[in-house]
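Engineer:
Residue numbers (the working numbering): 3 to 398.
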């Protein structure tokens with residue numbers, strides 16, 4: 003069938019509506035607030051497409067308490083792109099992890115990278131024995147090249163590339179400054195101030211520098227707990243990280259974010275930084291812009307000699323980067339954190355993964371995809387939606 007036909011749609015604000023939607027087109031559902039747009043798109047089209055697909059796999063979905071329509075024909079497997087689908091607050095999620103590019107580069111470096119001797123710094127060659135000092139190295143598993151893996155991340159910054167610090171000289175200008183004076187000096191919310199004063203009541207009138215080191219550390223940075231959302235106890239650092247202050251300007255110079263002195267912002271451990279391709283380790287690639295990385299990847303393909311697997315990995319990485327650059331995301335880097343992206347950047351990144359899959363005959367249902375986008379971002383998003391159409395999908 004070339005169309006989706008719904009008869010007698012009745013759920014929420016829909017009252018026995020008949021709808022015919024052409025397939026393999028870009029279709030817009032519009033109407034005033036409360037007219038049933040989302041009910042039609044998600045509660046009927048998406049749910050029925052998902053339900054029928056699961057049934058085709060032998061999986062029995064739940065049974066509806068009430069009939070949502072009289073009949074529905076022409077439906078296909080559906081993909082829902084709702085607003086809460088694309089909004090992510092995990093700072094460990096980056097462009098590289100989201101697209102899978104970093105995973106492929108990790109495998110490439112693991113199997114094809116040139117290892118530098120941990121003793122003298124010379125390249126050990128294919129034999130893995132250093133020609134200079136005789137030291138023997140071994141190839142690292144792919145997980146060693148991931149900042150999200152315990153054996154791959156930089157220990158000092160936990161794979162973040164930077165860490166937050168508190169400048170004590172700003173808090174305590176002299177040795178007589180008490181803990182109570184420190185709290186009064188920082189413009190924090192009254193509720194959080196009471197929590198800190200209650201927790202450290204025994205030390206409030208004592209000079210800060212006279213407190214035991216473990217108490218000072220706990221007051222500044224806290225300790226691990228399992229009772230709240232960020233697993234940290236009440237501390238000054240949570241004021242900054244949680245926005246628990248009245249005036250950000252008054253905290254300038256007190257809380258600073260510093261590049262990690264161990265990994266220099268590259269997030270990965272020292273072992274992975276000793277494995278190179280064309281003179282660069284994976285962390286250096288991840289900090290390039292995608293436009294710069296695109297050029298570098300093609301140059302590396304000509305300079306390096308790869309196995310069949312290596313060539314395929316490099317080809318796949320190059321293809322993914324090309325797609326992102328064509329979507330006007332070339333200014334991003336693989337280490338760019340997802341929560342820092344604009345709405346348009348997140349939309350294009352998310353939809354690129356579906357374009358990359360090359361699946362046909364799907365129905366994509368997007369929830370107000372242009373909300374919060376700049377006019378130029380809307381144009382780029384529209385191109386991606388048209389591309390989904392061109393490869394044989396319906397976009398609603």
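Where a beta carbon is used, it is the ideal one built from N, C-alpha and C, also for glycine.
Does the distance from the C-beta atom of residue 15 to that of residue 37 stay below 9 Å?
Structural biologist: Going by C-beta atoms, residue 15 is nearer than 9 Å to residue 37.
Engineer: Rounded to whole angstroms, what's the CA-CA distance from residue 207 to residue 199? Just pull it up for me.
Structural biologist: Residue 207 and residue 199: Cα-Cα distance of roughly 11 Å.
Engineer: Keeping to the same chain, check which residues put their C-beta closer than 8 Å to that of residue 389; ignore five residues upstream and five downstream.
Structural biologist: 357.
Engineer: DSSP state of residue 25, grouped into three classes?
Structural biologist: Note: residue 25 maps to coil in three-state DSSP.
Engineer: Measure the beta-carbon distance from residue 331 to residue 315 and round it to whole angstroms, keeping in mind my assumption that it falls under 8 Å.
Structural biologist: Not a contact, Cβ separation roughly 21 Å.
Engineer: Between which two residues does the beta strand (DSSP E) holding residue 368 run?
Structural biologist: Unbroken beta strand (DSSP E) run through residue 368: 365-368.
Engineer: Considering residue 293, what are the terminal residues of the alpha helix (DSSP H) in which it resides?
Structural biologist: Counting along the chain, the alpha helix (DSSP H) containing residue 293 begins and ends at 292-305.
Engineer: By the 10 Å Cβ neighbour count, where 16 or more other Cβ atoms means buried, how is residue 219 classified, buried or exposed?
Structural biologist: Exposed: under 16 other Cβ atoms inside 10 Å.
Engineer: How many whole angstroms separate the CB atoms of residue 48 and residue 80, which I take to be in contact at a CB cut-off of 8 Å?
Structural biologist: Rounded, the Cβ-Cβ distance is 5 Å, consistent with contact.
Engineer: Which residue comes first and which comes last in the beta strand (DSSP E) that contains residue 383?
Structural biologist: Careful: residue 383 lies outside any beta strand (DSSP E), inside the alpha helix (DSSP H) at 377-392.
Engineer: Within its chain, find whatever has a CB closer than 7 Å to the CB of residue 179; leave out the 5 residues flanking it on each side and keep chain order.
Structural biologist: Once the five neighbours on either side are set aside, the close Cβ partners of residue 179 are 209, 210.
Engineer: Specify the secondary structure class of residue 279 as computed by DSSP and reduced to three states.
Structural biologist: Residue state, collapsed to three classes: strand.
Engineer: Can you check whether the CB of residue 336 is closer than 9 Å to the CB of residue 343?
Structural biologist: The answer is no: Cβ separation not under 9 Å.
Engineer: Report, in whole angstroms, the separation of the C-beta atoms of residue 322 and residue 103, which I expect to be a contact under 8 Å.
Structural biologist: The pair is a contact, with the Cβ atoms about 5 Å apart (cut-off 8 Å).
Engineer: So what's residue 235 in DSSP terms, helix, strand or just coil?
Structural biologist: If DSSP states are grouped into helix, strand and coil, residue 235 belongs with coil.
Engineer: Do the stretch 360-368 and the stretch 298-312 make contact, defined as three or more Cβ pairs closer than 8 Å?
Structural biologist: Verdict: no, contact absent.
Engineer: Is the number of C-beta pairs between the stretch 270-283 and the stretch 139-148 that are closer than 8 Å three or more?
Structural biologist: Yes: at least three Cβ pairs fall under 8 Å.
Engineer: So is residue 4 buried or exposed if we call it buried at 16+ other beta carbons inside 10 Å?
Structural biologist: Exposed, since its Cβ has fewer than 16 Cβ neighbours within 10 Å.
Engineer: Just the C-alpha distance for residue 231 and residue 194, rounded to the nearest angstrom, thanks.
Structural biologist: Low confidence applies here, because residue 231 scores a pLDDT of 46, under 50, leaving its location unreliable and the question unanswered by this model.
Engineer: If you run the structure through DSSP and keep just helix, strand and coil, what is residue 273?
Structural biologist: Reduced to three states, the DSSP call for residue 273 is coil.
Engineer: Taking only the alpha-carbon atoms, compute the straight-line gap between residue 55 and residue 105 and give it to the nearest angstrom.
Structural biologist: If you take the alpha carbons of residue 55 and residue 105, they lie about 30 Å apart.
Engineer: If I follow the unbroken beta strand (DSSP E) through residue 73, where does it start and stop?
Structural biologist: From DSSP, the beta strand (DSSP E) with residue 73 extends over 73-75.
Engineer: Please work out which residues of its chain come closer than 8 Å, Cβ to Cβ, to residue 391, disregarding the five sequence neighbours upstream and downstream, and give them in chain order.
Structural biologist: So the list reads 26, 27, 28, 397, once near-sequence residues are dropped.
Engineer: Give the secondary structure of residue 129 by DSSP, where H, G and I count as helix, E and B as strand, and everything else as coil.
Structural biologist: In this structure, residue 129 counts as coil in the three-state DSSP scheme.
Engineer: For residue 51, which residues of its own chain have a beta-carbon under 8 Å away from its beta-carbon, when the five flanking residues on both sides are left out?
Structural biologist: The answer, listed in chain order, is 77, 78, 79, 80, 365.
Engineer: So, for residue 98: in the same chain, excluding its five sequence neighbours on each side, which residues have a beta-carbon less than 7 Å away from its beta-carbon?
Structural biologist: Excluding residues within five positions, the ones whose Cβ falls inside 7 Å are 104, 288, 336, 337.
Engineer: Can you round the beta-carbon distance between residue 348 and residue 43 to whole angstroms, since I take them to be within the 8 Å contact cut?
Structural biologist: Wrong, their Cβ atoms sit about 20 Å apart, outside the cutoff.
Engineer: In terms of residue numbering, what span does the alpha helix (DSSP H) encompassing residue 285 cover?
Structural biologist: Unbroken alpha helix (DSSP H) run through residue 285: 284-289.
Engineer: Could you check which residue in 395, 374, 346, 369 has the C-alpha nearest to that of residue 383?
Structural biologist: Comparing Cα positions, the closest option is 346.
Engineer: Touching or not, the stretch 298-306 and the stretch 254-265, by the rule of three or more beta carbon pairs under 8 Å?
Structural biologist: Touching, no, given that fewer than three Cβ pairs across the two stretches are closer than 8 Å.
Engineer: Cα separation between residue 369 and residue 34?
Structural biologist: Cα-Cα distance, rounded: 15 Å.
Engineer: Between 114, 115, 172, 9, which has its C-alpha nearest residue 69's C-alpha?
Structural biologist: It is 9.
Engineer: Tell me which residue opens and which closes the alpha helix (DSSP H) that residue 314 is part of.
Structural biologist: Residue 314 -> alpha helix (DSSP H) spans 310-328.
Engineer: Is the CB-CB distance between residue 119 and residue 268 below 9 Å?
Structural biologist: Not a contact, by the Cβ cut-off of 9 Å.
Engineer: Quick one: what's residue 167 bridged to in DSSP?
Structural biologist: Note: residue 167 sits in a beta bridge opposite 258.
Engineer: At which residue ranges does the stretch 132-218 contain complete alpha helix (DSSP H) runs of 4 or more residues, listed in the order of the chain?
Structural biologist: Counting only runs of 4 or more, we get 170-173, 181-187, 192-201.
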